[in-house]
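Asks:
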Amino acid sequence: MEEQAPSGNATPQILVAAEAAKSTRINKMVMHGFKSFAKHTEILFGGSFNCVLGPNGAGKSNVLDALCFVLGKSSSRDLRAEKSANLIYNGGKAKNPAKHGEVSIYFDNSGRIFPTEDKEVKVSRIVRQNGQSIYKINDKAMTRQQITSLLSLAKIDPDGYNIILQGDIVKFVEMHPEDRRVLIEDIAGISIYEEKKHKAMLELEKVEQHLRETEIILTERSTYLKEMRKDRDQALKYKDMSDRIKQNKASYLKIQMDKKDNERKEIK
1 MEEQAPSGNA TPQILVAAEA AKSTRINKMV MHGFKSFAKH TEILFGGSFN CVLGPNGAGK
61 SNVLDALCFV LGKSSSRDLR AEKSANLIYN GGKAKNPAKH GEVSIYFDNS GRIFPTEDKE
121 VKVSRIVRQN GQSIYKINDK AMTRQQITSL LSLAKIDPDG YNIILQGDIV KFVEMHPEDR
181 RVLIEDIAGI SIYEEKKHKA MLELEKVEQH LRETEIILTE RSTYLKEMRK DRDQALKYKD
241 MSDRIKQNKA SYLKIQMDKK DNERKEIK
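Using our numbering, you'd call the opening residue of the sequence shown number 1 and step up by one each time.
#1: Taking buried to mean at least 16 other C-beta atoms within 10 Å of its own C-beta, is glutamine 256 buried or exposed?
#2: Let me check understanding here. Comparing Cα to Cα, which of Ser36, Leu53, Val127 lies closest to isoleucine 74?
#3: May I have the straight-line CA-CA distance separating glutamine 13 from valine 70, to the nearest angstrom?
#4: Within 10 angstroms of the Cβ of lysine 22, are there 16 or more other Cβ atoms? Answer buried if so, exposed if not.
#5: Give me, in chain order, the residues of the same chain whose beta-carbon lies closer than 6 Å to that of aspartate 66; leave out the 5 immediate sequence neighbours on both sides.
#6: Can isoleucine 134 and methionine 29 be called in contact, C-beta distance under 8 Å?
#7: Does the beta-carbon of alanine 38 have 16 or more other beta-carbons within 10 angstroms, so that it is buried, or is it exposed?
#8: Could you check what DSSP says for phenylalanine 69 in three-state terms: helix, strand or coil?
#9: By DSSP, does lysine 22 sit in helix, in strand, or in coil?
#10: Rounded to the nearest angstrom, what separates serine 110 and histidine 100 at their Cα positions?
#11: Taking buried to mean at least 16 other C-beta atoms within 10 Å of its own C-beta, is arginine 77 buried or exposed?
#12: Beta carbon of proline 158, beta carbon of glycine 46: below 8 Å?
#13: Grab the span of the beta strand (DSSP E) containing arginine 128 for me, first residue to last.
#14: Which stretch, first to last residue, makes up the alpha helix (DSSP H) that contains isoleucine 147?
#15: Is DSSP giving tyrosine 106 helix, strand or coil here?
Listed below in structure tokens is the structure:
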């Protein structure tokens, strides 16, 4: 049996923009056994702006909790639960509790923002009674890191400010100006480039340090080379002088031998 999304004439409590990024949007979200959604519940999102309506207690806040949950929100307290297992439908007083809670979100991929040929990308998260979470992409088991890496392609951060929770606006107003600046840069996507700049500066410092060390080594090698050249020149000079001495000695001995030969001839 399929339940319909909360509706009615009450004042809107949750406003959810369907577009997660310029190149994608949420097509629909499916919940089963998550919080108050005991049965299969499917919410379709339009192409522009979506508003969830309903009287108090209809489950409007649980829709936002489901969205945060499937996107990989790490803190169960942010989902208004003491622990992850409390996110599972408990059955109340008269019904049986669910064995697990599951939420799936379907992203439009016609703009190919995600690295797949599929026109729609399904991201799912299942929580079991022991609190363990299972993540899936198009029904294939994945890690939370793989999920967040995929979502980052659409500039979606489960712990960021794609979703504004109750109390966030007050927190923003009361922030220190420097913290507010950092937050705005994070929302605008500037912080990514600041991080890249910081990493690049660190790499540049490493390169410059390596160059300085290389220059020191080159200077030492150059000094050593000069000394070696000096030693070589002295060795060559010594060898040349030694060769000349040997030649002179040989010439002197030959002269002496010739002289002796001549003296013998004269005696005979």
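Think of the CB as a built atom: it goes at the ideal place given N, C-alpha and C, for glycine as much as any other residue.
Replies: Answer, in terms of the structure:
#1: In the sequence shown, residue 256 corresponds to position 256, counting from 1. The residue is exposed, with fewer than 16 neighbouring Cβ atoms inside 10 Å.
#2: Here residue 74 refers to the residue found at position 74 of the sequence shown. A small fix is needed here, since residue 74 is serine in this sequence, not isoleucine. Closest by alpha carbon: Val127.
#3: Position 13 of the sequence shown, counted from the start, is the residue given in the question as residue 13. Position 70 of the sequence shown, counted from the start, is the residue given in the question as residue 70. Note that glutamine 13 scores 40 on pLDDT, short of 50, meaning its location in the model is unreliable and no value can be drawn from it.
#4: Along the sequence shown, read from residue 1 onward, the residue named residue 22 stands at position 22. Low local confidence applies: a pLDDT of 45 at lysine 22 is under 50, so the model's placement there is unreliable, and no value is given.
#5: Here residue 66 refers to the residue found at position 66 when the sequence shown is read from its first residue. Per the sequence shown, the amino acid found at residue 66 is alanine instead of aspartate. Closer than 6 Å at the Cβ level, and outside the excluded window around alanine 66, lie Met31, Phe34, Val103.
#6: By 1-based counting over the sequence shown, the position of residue 134 is 134. By 1-based counting over the sequence shown, the position of residue 29 is 29. The answer is no: Cβ separation not under 8 Å.
#7: Locating residue 38 in the sequence shown gives position 38, counting from the first residue. Buried is the call here.
#8: Along the sequence shown, one-based indexing puts residue 69 at 69. Residue state, collapsed to three classes: helix.
#9: The residue labelled residue 22 in the question sits at position 22 within the sequence shown. With a pLDDT of 45 at lysine 22, under the threshold of 50, the modelled position of that residue is not reliable, and no figure is offered here.
#10: Working through the sequence shown from its first residue, we reach residue 110 at position 110. Working through the sequence shown from its first residue, we reach residue 100 at position 100. Rounded to the nearest angstrom, the two C-alpha atoms are 32 Å apart.
#11: For the purposes of this step, residue 77 is taken as the residue at position 77 of the sequence shown. Classification of arginine 77: exposed, given that the 10 Å Cβ count is below 16.
#12: Translated into the one-based positions of the sequence shown, residue 158 becomes position 158. Translated into the one-based positions of the sequence shown, residue 46 becomes position 46. Contact: no.
#13: The count along the sequence shown starts at 1 and reaches residue 128 at position 128. Segment 120-128, the beta strand (DSSP E) holding arginine 128.
#14: Within the sequence shown, residue 147 is the residue found at index 147, counting from 1. Looking at the DSSP string, the run of the alpha helix (DSSP H) that includes isoleucine 147 is 144-152.
#15: Position 106 of the sequence shown holds residue 106. Here tyrosine 106 carries a strand assignment [DSSP, helix/strand/coil].
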